[in-house]
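Okay, structure first, notes after.
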Amino acid sequence: MTSYRNFGVVGGGAWGTALAQLLAADGAPVRLWAREEDVVAAINREHRNPVFLPGAALSSSLIATGDLADMADLDALLIVVPVPFLRAVLADLPPGDAPLIFCSKGMEAGSFAFPIDMARDLAPLRPHAVLSGPTFAHEVAAGLPTAITVAADAEIAGTLAQALARPHFRPYVSTDVIGAEIGGAVKNILAIACGIVDGAGLGLNARAALISRGFAEMTRFGLARGAQAETLAGLAGLGDLVLTCTSSNSRNFALGQGLGRGEAVEVLMADRRTVAEGAFSAPVVAAAARADGIDMPITETVARLVAGEVRVGDAIQALLSRPLRPEGR
Ligand SMILES: NC(=O)C1=CN([C@@H]2O[C@H](COP(=O)(O)OP(=O)(O)OC[C@H]3O[C@@H](n4cnc5c(N)ncnc54)[C@H](O)[C@@H]3O)[C@@H](O)[C@H]2O)C=CC1
Ligand SMILES: O=C(CO)COP(=O)(O)O
C-alpha cells in the first residue's frame, strides 16, 4: 500500500493555505502553488498569507511557488482552486501519477461537471479523491477540532485518511465521491439563501425551515445522481449545510446577508478577491436540476437573485405562496 508523505497544494486561497498549514504544522515539507505573486512572496518571506488567510501564522516548512511545474514529483496533490477556474489549472498541471484530492465545492457552468468529472477528462490516469465537510479555513489553520469526509475508492480513501489525519483533524472514509461533491456544491447555494433570511430579518424559524427544505432539495438532487443518503446526511452534506447556514464566517452566507439587506448584487460581487462559490453554482445546479426534472425551488430562487432577475421581497413571497404539499416531496 502506497503512503503519502510529500503533499502539494494547488491553490493559495484561504482553504488551500489552511490545508497546507495543517500538513506542514509538524515541520513536514509542503509545497503550495499560488497564482498571485504577492501571496507567494508573503508566504515565503513572512510565513503569512495576508490576502486570503490573514491572522494565521504559517510553518516555515510550507514553501510557496508560482510555477505549476513545481507540483511534479510529489506523492499527492490537494486541488483547491475555485471551480470556475479549475479546468484551466488542471490542464496546466505537469504530468504524473500522484492522486488528485479535490477540495473545491461547485459545479462547472455549461458542462455540469464536478471537479472529479474534469479530472476524468484531463488527468484520467491519476487516482482521484474528494475532501469535503464543515471546515472553516481559519479554524483548521488554528488547529481547532474538525471532522471531514474523504471519498475515493476504498483503498485510496483509507490511505489518504491516514496521511491527512492529525490529532485535531479527523477524516471519515467514504466511497461515495458524487455524494461528497453534491453536498459541498449545494450547501453553498443554501448558505446564500440562509444569509438572505438573516439579512432580511426573517427570523430563526424561517432559517430552520430553509435548512430542512434545502436539505430535502440536496437529497432529491443527490439521490437522482447516484449519491448515497448517508453521505448527504453526513459531514459533506448536512454537516457543512449547518455550519455555513448559521455563520457569517461563511462567504456565501455573508453574500446572502448583503442581498437580504437590499444591497445590489453587482456591488456585492464587484472587486472581490475571495469567492462565494454558491453564486457561480446556483444557476448551474438549477439548470442541471431542471434538465433532470428535479424540483429545487430554493436553488432556483437563489439563481434568480444572484442574476438580479428578482427582488428579495418578491422571491420570498413566491417561495411562501407555493402550493402546500406532503413533507416527503
Ligand atoms: N475558505 C474555506 O473555509 C473553504 C473553502 N472551500 C472551497 O475551496 C475552494 C477555494 O476557496 P478558497 O480557498 O476559500 O478561496 P479564496 O476565496 O480564499 O480565494 C480565491 C481563490 O481563487 C483563486 N483565483 C481567483 N481567480 C482565479 C483564476 N482566474 N484562476 C485560478 N484561480 C483563481 C485565487 O488565486 C484564490 O486561490 C472553493 O471551492 C471553496 O468553496 C472548501 C472548504 C472550506
Ligand atoms: O465550505 C466552507 C466551510 O465548510 C466555507 O464556506 P464559504 O465558502 O461559504 O465561506
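Going by my numbering, the first residue of the sequence shown is number 680, and it counts up by one from there.
All C-beta atoms in this analysis are idealised placements derived from N, C-alpha and C, irrespective of residue type, glycine included.
For residue j and residue i, believed in contact at Cβ under 8 Å, the rounded distance
{"i": "glycine 858", "j": "leucine 938", "result": "About 29 Å separates the two Cβ atoms, so there is no contact after all."}
{"i": "isoleucine 795", "j": "valine 856", "result": "6 Å"}
{"i": "threonine 741", "j": "alanine 697", "result": "Here residue 741 turns out to be leucine, not threonine, going by the sequence shown. In fact, because the Cβ distance is near 11 Å, the residues do not count as touching under 8 Å."}
{"i": "leucine 756", "j": "leucine 779", "result": "5 Å"}
{"i": "leucine 769", "j": "alanine 802", "result": "6 Å"}
{"i": "isoleucine 871", "j": "glycine 935", "result": "4 Å"}
{"i": "asparagine 931", "j": "glycine 874", "result": "7 Å"}
{"i": "glycine 941", "j": "valine 865", "result": "The Cβ separation is near 26 Å, so there is no contact."}
{"i": "cysteine 782", "j": "leucine 810", "result": "5 Å"}
Residues near residue i in its chain [Cβ-Cβ closer than 6 Å; skip 5 each side]
{"i": "alanine 735", "result": "Ala820"}
{"i": "arginine 766", "result": "Met797"}
{"i": "arginine 753", "result": "The identity of residue 753 in the sequence shown is leucine, whereas the question assumes arginine. Closer than 6 Å at the Cβ level, and outside the excluded window around leucine 753, lie Asn685, Gly687, Ala777."}
{"i": "leucine 922", "result": "Pro813"}
{"i": "valine 963", "result": "Met786, Ala788"}
{"i": "alanine 831", "result": "Ala808"}
{"i": "alanine 982", "result": "Ala961, Pro962, Ala965"}
{"i": "proline 806", "result": "Pro778, Ile835"}
{"i": "alanine 842", "result": "Tyr683"}
{"i": "leucine 702", "result": "Phe686, Val709"}
{"i": "phenylalanine 791", "result": "Ala967"}
{"i": "alanine 699", "result": "Val688, Val709, Leu711, Leu741"}
{"i": "serine 929", "result": "Ala870, Thr923"}
{"i": "aspartate 771", "result": "Leu747"}
{"i": "threonine 953", "result": "Arg930"}
{"i": "threonine 925", "result": "none"}
Enclosing alpha helix (DSSP H) for residue i [first to last residue]
{"i": "leucine 917", "result": "Segment: none, leucine 917 is in no alpha helix (DSSP H) and carries neither H nor E."}
{"i": "arginine 990", "result": "It is not in any alpha helix (DSSP H) - arginine 990 carries neither H nor E in the DSSP assignment."}
{"i": "aspartate 794", "result": "A small correction: the amino acid at residue 794 is proline; aspartate does not occupy that position in the sequence shown. Proline 794 -> alpha helix (DSSP H) spans 794–801."}
{"i": "isoleucine 871", "result": "856–878"}
{"i": "phenylalanine 764", "result": "762–770"}
{"i": "valine 720", "result": "Reading off the sequence shown, one finds alanine at residue 720, where the question assumed valine. Run containing alanine 720: 716–725, per the alpha helix (DSSP H) assignment."}
{"i": "proline 671", "result": "Beyond the ends of the chain as shown, which are 680 and 1008, falls residue 671; an answer cannot be given."}
{"i": "glutamate 834", "result": "833–843"}
{"i": "glutamine 700", "result": "693–703"}
{"i": "glycine 937", "result": "930–939"}
{"i": "proline 976", "result": "976–985"}
{"i": "methionine 948", "result": "944–948"}
{"i": "threonine 910", "result": "908–911"}
8 Å Cβ shell around residue i - same chain, five flanking residues per side excluded
{"i": "alanine 903", "result": "Asp971, Ile973"}
{"i": "valine 719", "result": "Gly691, Ala713, Ala743, Thr744, Gly745"}
{"i": "threonine 681", "result": "Asp754, Thr838"}
{"i": "alanine 844", "result": "Pro850"}
{"i": "alanine 704", "result": "Ser738, Gly822, Arg845"}
{"i": "histidine 1061", "result": "Since the displayed the chain opens at 680 and closes at 1008, residue 1061 lies outside it and no answer follows."}
Continuous beta strand (DSSP E) stretch holding residue i: start and end
{"i": "phenylalanine 900", "result": "No beta strand (DSSP E) holds phenylalanine 900; the alpha helix (DSSP H) holding it covers 883–903."}
{"i": "isoleucine 780", "result": "779–781"}
{"i": "threonine 744", "result": "741–744"}
{"i": "valine 709", "result": "709–712"}
{"i": "histidine 817", "result": "Taken as a continuous stretch (DSSP letters only), histidine 817 belongs to no beta strand (DSSP E), being part of the alpha helix (DSSP H) at 816–820."}
{"i": "valine 809", "result": "807–811"}
{"i": "proline 850", "result": "848–853"}
{"i": "alanine 830", "result": "825–830"}
{"i": "phenylalanine 791", "result": "Taken as a continuous stretch (DSSP letters only), phenylalanine 791 belongs to no beta strand (DSSP E), as it is neither H nor E."}
{"i": "valine 688", "result": "686–689"}
{"i": "isoleucine 758", "result": "755–758"}
Other residues of its chain near residue i: CB distance less than 7 Å, five sequence neighbours each side excluded
{"i": "proline 976", "result": "Leu998, Arg1001"}
{"i": "leucine 914", "result": "Gly812, Pro813, Ala826, Ile827, Thr828, Tyr851"}
{"i": "glutamate 716", "result": "Gly745"}
{"i": "alanine 994", "result": "Thr980, Arg983, Leu984"}
{"i": "alanine 968", "result": "Phe900, Met975, Thr978"}
{"i": "arginine 892", "result": "Ile977"}
{"i": "valine 876", "result": "Ala885, Arg886, Leu889, Gly939"}
Residue i Cβ short of 7 Å to ligand 3 heavy atom set
{"i": "asparagine 867", "result": "This structure simply doesn't include ligand 3; it includes ligand 1 and ligand 2 instead."}
Below-8 Å beta-carbon distance, residue i vs any chain B residue
{"i": "proline 773", "result": "Of the protein chains in this structure there is only one, and it is not chain B."}
Cβ contact (3+ pairs, closer than 8 Å) linking the stretch 955–965 and the stretch 841–859: no
Contact between the stretch 757–770 and the stretch 686–694 (3+ Cβ pairs under 8 Å): yes
Contact the stretch 824–835 vs the stretch 897–909: 3+ CB pairs below 8 Å: no
Stretch pair the stretch 811–829 + the stretch 870–887: three plus CB contacts closer than 8 Å: no
contact_flag[the stretch 913–928, the stretch 972–988] where n(CB pairs < 8 Å) is 3 or more: no
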